[in-house]
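The opening residue of the sequence shown carries number 328 in the numbering used here; numbering runs sequentially from there.
The beta-carbon is built from N, C-alpha and C at its ideal position, and this holds for glycine as well.
All figures in this text were calculated on a predicted structure; none of them were measured in a lab.
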Amino acid sequence: MLIRGKYQGASFFELLEVDFPQLRPNVNLRDAVEASALSTVPHGTTVLAMRYADGVLMAGDRLATEGHRVASRDLQKVYPTDAHSLVAIAGAAGPAIEMARMLRIELEHYEKIEGEALELEGKANKLSQMVRANLPAAMQGLVVVPIFAGYDLRRRIGRLWKYDVTGGRYEEAELESSGSGSLYARESIKKAWRDDLTRDDSLRIALQALADAADEDRATGGVDLARGIFPIVCFCAAGGVEEVSREEIERTYREHVAVARQRVGAGA
Numbered sequence: 328m329l330i331r332g333k334y335q336g337a338s339f340f341e342l343l344e345v346d347f348p349q350l351r352p353n354v355n356l357r358d359a360v361e362a363s364a365l366s367t368v369p370h371g372t373t374v375l376a377m378r379y380a381d382g383v384l385m386a387g388d389r390l391a392t393e394g395h396r397v398a399s400r401d402l403q404k405v406y407p408t409d410a411h412s413l414v415a416i417a418g419a420a421g422p423a424i425e426m427a428r429m430l431r432i433e434l435e436h437y438e439k440i441e442g443e444a445l446e447l448e449g450k451a452n453k454l455s456q457m458v459r460a461n462l463p464a465a466m467q468g469l470v471v472v473p474i475f476a477g478y479d480l481r482r483r484i485g486r487l488w489k490y491d492v493t494g495g496r497y498e499e500a501e502l503e504s505s506g507s508g509s510l511y512a513r514e515s516i517k518k519a520w521r522d523d524l525t526r527d528d529s530l531r532i533a534l535q536a537l538a539d540a541a542d543e544d545r546a547t548g549g550v551d552l553a554r555g556i557f558p559i560v561c562f563c564a565a566g567g568v569e570e571v572s573r574e575e576i577e578r579t580y581r582e583h584v585a586v587a588r589q590r591v592g593a594g595a
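So this is what it looks like as structure tokens:
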């Protein structure tokens, strides 16, 4: 027998707040971690997103750090949230990953209740609310600064948003990056970005941007050929989300390295 509670809306997060507060995930971590332990909380960098001709690309390196120590070499920082949207996480890894997973559940719940997916801008608003709920924890050092992107089925274009720690969201027309290596990644992309980029060109530019960030920022992980660890790259277009295979990433990266060596040799 189906038992309906007080909440009658389509938000899974609000359903937990009203009817099942004991099951609510601890998104607000202001009491979970003492200030003295913040230096040991794994942090993830660097992530980026950019528009290309058919939609949007999102990518992230795999390194997580605890201060000057490597916490993880293969952290996932790019998460599909539904068939036509993705989120990339940067900042305190624990609450960031929890936020990405909760957003996916929230969007799935909305679609089941309403019978259709939420508009892309509405999805961006949902993430804004979650980032705002994390503000007390962010004030103590557990900052989460995601990037959200997706394909707008109504407008038939790729769109992307950046956020600040208060939950403010800002749509970017071309590209965005977040994390400690974001400055270097953004500058790298800006040199080659144009609005008619092909899929292959955008993949090459994204991998080059992550390589440039890793070259300048010690907290950003580059390609680890010895361990077979490569960045995660996803495309989102009219056909949905596509994660690029490790083989294609490795092939594109090796082509980039070969071109870079030729340039160095020509200038020697």
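Check                                                                                                          : Outcome
Given 8 angstroms, three or more beta-carbon pairs between the stretch 483 to 496 and the stretch 433 to 443   : no
Buried or exposed by the 16-neighbour rule on C-beta atoms within 10 Å, applied to serine 529                  : buried
Buried/exposed call for alanine 595, threshold 16 Cβ in 10 Å                                                   : Note that alanine 595 scores a pLDDT of 49, beneath 50, so its modelled location is shaky and nothing firm can be said.
Beta-carbon spacing of leucine 434, threonine 408 below 7 angstroms                                            : yes
Selected residue, minimal CA-CA separation from alanine 476, among Leu390, Glu574, Glu446 and Asp527           : Glu446
Through-space distance from valine 470 to proline 369, alpha-carbon basis                                      : 11 angstroms
DSSP three-state assignment for isoleucine 416, whether helix, strand or coil                                  : coil
Proximity to glycine 394 [Cα-Cα], best of Cys561, Thr372, Gly382 and Ala415                                    : Thr372
Length of the line joining the Cα atoms of arginine 459 and glutamine 589                                      : 48 angstroms
Beta-carbon proximity check, proline 473 vs isoleucine 556, cutoff 7 angstroms                                 : no
C-alpha gap between arginine 313 and arginine 481, whole angstroms                                             : The chain is shown only over 328 to 595; residue 313 falls outside these bounds and no answer can be derived.
Proximity winner among Glu582, Cys563 and His583, relative to alanine 386 (alpha-carbon distances)             : Cys563
Counted within 10 angstroms of its Cβ, other Cβ atoms place tyrosine 497 as buried (16 or more) or exposed     : exposed
Buried versus exposed call for alanine 464 [16 or more other C-beta atoms within 10 Å across all chains shown] : buried
Buried versus exposed, by CB contacts within 10 Å (16 or more), threonine 579                                  : buried
Length of the line joining the Cα atoms of arginine 526 and lysine 333                                         : 47 angstroms
Spatial distance of methionine 377 from valine 550 (CA atoms)                                                  : 20 angstroms
Methionine 328 burial status per 10 Å Cβ neighbour count (16 or more: buried)                                  : Any reading at methionine 328 is ruled out, since the residue's pLDDT is 41, under 50, leaving its predicted position unreliable.
Start-to-end residues for the alpha helix (DSSP H) that takes in leucine 469                                   : Unbroken run through leucine 469: none, as it is neither H nor E.
Limits of the alpha helix (DSSP H) - the one that aspartate 527 falls within                                   : 526 to 543
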